[in-house]
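Visitor: In the numbering used here, the protein residues as written are 1287 to 1609. Glycine included, each C-beta is placed from N, C-alpha and C at the ideal position. These numbers were taken from a predicted model, which means no experiment stands behind them.
#1: Under 9 Å between C-beta atoms, does residue 1577 make it to chain B?
#2: Using 10 angstroms around the beta-carbon of residue 1448, count the other beta-carbons present and answer buried if the total reaches 16, otherwise exposed.
#3: Sorted by chain position, which residues of the same chain lie with C-beta nearer than 8 Å to residue 1462's C-beta, five sequence neighbours on each side aside?
#4: Straight-line CA distance for residue 1431 to residue 1336?
#5: When the Cα of residue 1388 is compared with those of 1520, 1367, 1424, 1376, which residue comes out closest?
#6: Helix, strand or coil, according to DSSP, for residue 1575 in the structure here?
#7: Hey, quick one: how far does the alpha helix (DSSP H) through residue 1324 stretch, first residue to last?
#8: Within a Cβ cutoff of 7 Å, which residues of the same chain sit near residue 1441, ignoring the five residues on either side of it in sequence?
#9: To the nearest angstrom, how far is the alpha carbon of residue 1475 from that of residue 1512?
#10: If you count every other CB in all the chains shown that lies within 10 Å of the CB of residue 1368, and 16 or more means buried, which is it?
#11: What number of angstroms, rounded off, separates the C-alpha of residue 1326 from the C-alpha of residue 1437?
#12: If I'm right that residue 1548 touches residue 1523 with Cβ under 8 Å, what's the distance once you round it to whole angstroms?
#13: Residue 1443 by DSSP, collapsed to three states: which one?
#14: State the Cα-Cα distance for the pair residue 1386 and residue 1588, rounded to the nearest angstrom.
#15: Compute the Euclidean distance between the alpha carbons of residue 1572 and residue 1534, then round it to the nearest angstrom.
#16: DSSP three-state label for residue 1428, please.
#17: With residue 1557 as the anchor, note down where its beta strand (DSSP E) starts and where it stops.
#18: In terms of residues, what are the limits of the alpha helix (DSSP H) holding residue 1360?
#19: Work out the CA separation of residue 1585 and residue 1240 for me, nearest whole Å.
#20: Mind pulling the alpha helix (DSSP H) runs of 4 or more residues that sit fully within the stretch 1479-1547?
#21: Spell out a yes or no on whether the stretch 1400-1413 and the stretch 1292-1304 are touching, meaning 3 or more CB-CB pairs, one atom from each, closer than 8 Å.
#22: Once DSSP output is grouped into helix, strand and coil, what is the label at residue 1403?
#23: Quick check on DSSP: helix, strand or coil for residue 1334?
#24: Check the C-beta distance from residue 1415 over to residue 1384 and give it rounded, since I have them as a contact under 8 Å.
#25: Tell me, to the nearest whole angstrom, how far the beta carbon of residue 1439 is from that of residue 1507; I am working on the premise that it is less than 8 Å.
#26: Please confirm whether any heavy atom of the ligand NAD lies closer than 8 Å to the CB of residue 1434.
#27: By Cβ distance, which residues of its chain are closer than 6 Å to residue 1293, with the 5 residues on each side in sequence left out?
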């Protein structure tokens, strides 16, 4: 896949079949649409393209509700690169772009600049100023501009429309396995390992404290079985993660603490990536540190049993990053 940034005026796209959207998470619904675009392009003898944005429109328009992201911009590009589409066009989302009508956008950007000959829109996608126009308008403008316009059907799993909003809800409820089924891969958080309170080390469960990348959604508080990918190693580690406010120690800001089995070296300052595999339990306040330690020991046994059951041939290695 070739990535083109629209603010680079020297690059463009050959005549193409394209789709447009923010594609947060690049989930199964997105993948279904993108695969259709690639197949349609091949049938028509054209190139295939995904058109997306460098930031969420709500961030620029300063709307009250701004969803936390399933993927960073770089993660989104990486996931899109694994689809069969040939081009990814990144539009800088600005107030000027947002002020364009749908027809103006189709004329100036899609037709003249990007040579779109066939546009496939998602079942619920709208573009143009205030999103006031809909699919029938796009079809009419397309006829005037020489762009065929189709609408792709909704992708469903378990009778539900798969969307980024649904996946966010699953993660906020701690349903990380359901989120993974919709995404097509295990949800990831990454960040720099920073100094913590050192309490885990004192009670026999040293943890790496992650300062997560800004803007990413953090799953519901609780204890999780996770895979951990350290910067210094190509091999993943079995790990146990606590997301919460440490109520047994008086509470505080939300922390992300990862106890990595078999990791004995200092990784302070490195980036650590975790994949959420399974939620063991909710976070809770214990009456004593001794009670907490007993529960952590039980949690560690459950995590190891989970890995033994789900990954009986576990040898490490990052070949199993996909769901």
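Guide: Reading off the structure:
#1: Protein chain content of the structure displayed is limited to a single chain, and chain B is not contained in it.
#2: Residue 1448 comes out buried.
#3: The answer, listed in chain order, is 1456, 1472, 1473, 1505, 1510, 1562, 1563, 1564, 1565.
#4: Their backbone Cα atoms lie some 20 Å apart in a straight line.
#5: Ranking 1520, 1367, 1424, 1376 by CA distance to the CA of residue 1388 puts 1424 first.
#6: Correct three-state label for residue 1575: helix.
#7: That run of the alpha helix (DSSP H) goes 1314-1330.
#8: Within the same chain, residue 1441 has close Cβ partners 1314, 1315, 1318, 1448.
#9: Near 10 Å, if we compare the C-alpha coordinates of residue 1512 and residue 1475.
#10: Residue 1368 is classed as exposed because its beta carbon has fewer than 16 other beta carbons within 10 Å across all chains shown.
#11: Approximately 13 Å between the Cα atoms of the pair.
#12: With a Cβ gap of about 6 Å, residue 1548 and residue 1523 count as contacting.
#13: Here residue 1443 sits in strand by DSSP.
#14: Answer to the nearest angstrom: the Cα atoms are 54 Å apart.
#15: Per the coordinates, the alpha-carbon of residue 1572 lies some 5 Å from the alpha-carbon of residue 1534.
#16: Correct three-state label for residue 1428: helix.
#17: Here the beta strand (DSSP E) through residue 1557 covers 1557-1567.
#18: The continuous alpha helix (DSSP H) containing residue 1360 extends over residues 1359-1367.
#19: An answer regarding residue 1240 cannot be provided, because it is not within the stretch 1287 to 1609 covered by the chain.
#20: List check, alpha helix (DSSP H) in window: 1485-1488.
#21: With the cut-off at 8 Å, the stretch 1400-1413 and the stretch 1292-1304 touch.
#22: If DSSP states are grouped into helix, strand and coil, residue 1403 belongs with the strands.
#23: Correct three-state label for residue 1334: strand.
#24: By a beta-carbon distance limit of 8 Å, residue 1415 contacts residue 1384. Their separation comes to about 7 Å.
#25: Actually they do not touch by this definition, with Cβ atoms about 37 Å apart.
#26: You won't find the ligand NAD in this model; it holds no ligand whatsoever.
#27: Only 1378 meet the Cβ criterion.
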